[in-house]
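> Protein chains in written order, with this note's numbering: chain A, 4 to 171; chain B, 4 to 171. Starting off with a structure, shown below.
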DNA sequence: CTTGGAATGTCAACAAGGCTGACTTATCCT
DNA sequence: AGGATAAGTCAGCCTTGTTGACATTCCAAG
């Protein structure tokens with residue numbers, strides 16, 4: 004397991020050495036810090052955190068989504084999500100409407116105030132992404148997305164795919 | 004800010020649209036979950052968590068590093084790191100040696116037992132990385148790394164660069 | 001040489017945000 | 001009528017982040 008080049012690969016498989024893989028792992032670690040840094044800065048001092056950001060993001064992406072669906076996207080327990088959702092609803096950033104067809108369900112929407120914060124957060128996060136994309140160029144970006152998609156668990160890939168083509 | 008193509012870019016800058024950027028953001032979110040899933044599974048029930056994994060990883064990468072240096076790599080407060088370090092030392096996974104030159108400093112090393120756990124964790128994490136790399140191919144991997152590097156904060160990029168060429 | 005400031009590391013206490021388990025309420029569907 | 005499902009709640013725990021106070025050690029200016 005120390006070296007995955009085996010005997011048959013040679014030069015063509017050099018990108019699969021333990022050393023290359025380790026560099027990728029460290030790149031993920033350091034990059035993710037940058038990825039979350041800007042929204043974290045905005046949220047700090049607002050009594051909100053990363054958990055609130057995630058909820059706001061995905062409610063914005065799928066207006067009218069149910070609590071259960073959000074749960075499965077975020078991969079947390081309902082008690083965890085509920086704590087976050089409750090504060091967002093109390094503060095008037097999120098609205099919860101009883102389902103028309105199935106009255107057990109609650110459908111979640113951002114209020115105007117919620118959409119405003121969403122905008123602020125995603126603007127900041129997109130700005131960093133834009134700079135990185137621009138610096139790396141379109142081919143690199145395609146590769147970036149390919150590797151990330153291959154790294155996801157099956158369930159997450161499904162959610163990702165369901166979301167990603169919402170707007171053509 | 005809704006659309007960054009401006010007037011002058013046209014087709015060539017289509018990869019910088021808000022929609023493309025948002026897909027990248029969601030890909031980072033879902034992929035990072037997969038990235039940490041395997042080590043998390045191993046650690047759960049061991050009284051250790053992701054913080055312990057990070058400490059073990061970077062001590063392994065820079066044997067003899069000081070607490071301060073580790074602090075700056077991990078980007079947490081020294082009190083946070085200290086708690087983690089204390090339990091690792093108590094459990095005999097990490098050894099802390101008083102500095103020869105400067106006795107205020109502690110130099111950190113993995114014990115055999117610590118190296119064993121490091122191996123188990125990094126094997127699991129590398130396995131997922133290897134599968135993703137193999138599925139995406141060498142060109143995609145190059146792009147992946149380029150975008151991640153461009154996404155890092157300056158300080159993190161420095162740490163990343165310092166670490167990454169340790170072994171040629 | 002001494003003394004005060006800077007640097008390194010430790011301890012205590014608190015908050016955010018995960019988790020489990022047990023339970024209620026309302027609704028749906030067979 | 002009765003079991004299954006969706007959502008919400010309460011209590012309590014753990015990990016991992018935070019700040020503040022403190023001990024030790026080093027070094028440089030007087």
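Glycine residues also receive a C-beta, built at the ideal position from the N, C-alpha and C atoms.
Run through DSSP, which three-state label would residue 188 of chain A get?
An answer regarding residue 188 of chain A cannot be provided, because it is not within the stretch 4 to 171 covered by chain A.
> Use the C-beta contact count for residue 23 of chain B: other C-beta atoms within 10 angstroms, 16 or more gives buried, fewer gives exposed.
Residue 23 of chain B is buried by the Cβ-count criterion.
> Could you name the residues of the same chain whose beta carbon sits closer than 6 Å to that of residue 7 of chain A, not counting the 5 residues immediately before and after it, in chain order?
Caution applies to residue 7 of chain A, whose pLDDT of 46 falls short of 50 and renders its modelled position unreliable; the value that the coordinates give is listed next. 19.
> In its own chain, which residues sit with a C-beta less than 7 Å from the C-beta of residue 43 of chain A, not counting the 5 before and 5 after it?
If we look at residue 43 of chain A and ignore the five residues flanking it on each side, its Cβ neighbours are 53.
> Tell me, please, which residues DSSP counts as bridged to residue 99 of chain B.
According to DSSP, which records beta bridges pairwise, residue 99 of chain B is partnered with B:111.
> List, in order along the chain, the chain B residues whose C-beta lies closer than 8 Å to that of residue 36 of chain A?
Under the 8 Å cutoff, chain B gives 78, 155, 156, 159.
> Compute the Euclidean distance between the alpha carbons of residue 36 of chain B and residue 50 of chain B, then round it to the nearest angstrom.
Distance between the alpha carbons of residue 36 of chain B and residue 50 of chain B is about 20 Å.
> Measure the CB-CB distance between residue 150 of chain B and residue 147 of chain A and report whether it falls below 8 Å.
Closer than 8 Å, so yes.
> If I measure Cβ to Cβ from residue 119 of chain B and keep anything under 7 Å in the same chain, skipping five residues before and after, which residues do I get?
Excluding sequence neighbours, residue 119 of chain B sits near nothing in its chain.
> When DSSP labels each residue in this structure, what does residue 68 of chain B get in the three-state scheme?
Here residue 68 of chain B sits in strand by DSSP.
> How far does the alpha helix (DSSP H) with residue 39 of chain B in it reach, from first residue to last?
Looking at the DSSP string, the run of the alpha helix (DSSP H) that includes residue 39 of chain B is 21-46.
> For residue 148 of chain B, would you say it is in contact with chain A, using Cβ-to-Cβ distances shorter than 8 Å as the test?
It does; some Cβ of chain A falls within 8 Å.
> Can you give me the start and stop residues for the alpha helix (DSSP H) that residue 146 of chain A sits inside?
Residue 146 of chain A -> alpha helix (DSSP H) spans 141-154.
> Is the Cβ-Cβ distance between residue 100 of chain B and residue 110 of chain B less than 8 Å?
The answer is yes: Cβ separation under 8 Å.
> Return the CA-CA distance between residue 114 of chain B and residue 58 of chain B, expressed in angstroms with no decimal places.
When rounded, the distance between both Cα atoms is 13 Å.
> Any idea what DSSP makes of residue 126 of chain A, helix, strand or coil?
Helix.
> Applying a beta-carbon distance threshold of less than 7 Å, which residues of chain B neighbour residue 112 of chain A?
Going along chain B, no residue has its Cβ under 7 Å from residue 112 of chain A, so there is no contact; the nearest lies around 19 Å.
> Helix, strand or coil for residue 136 of chain A per DSSP?
Of the three classes helix, strand and coil, the one that applies to residue 136 of chain A here is helix, per DSSP.
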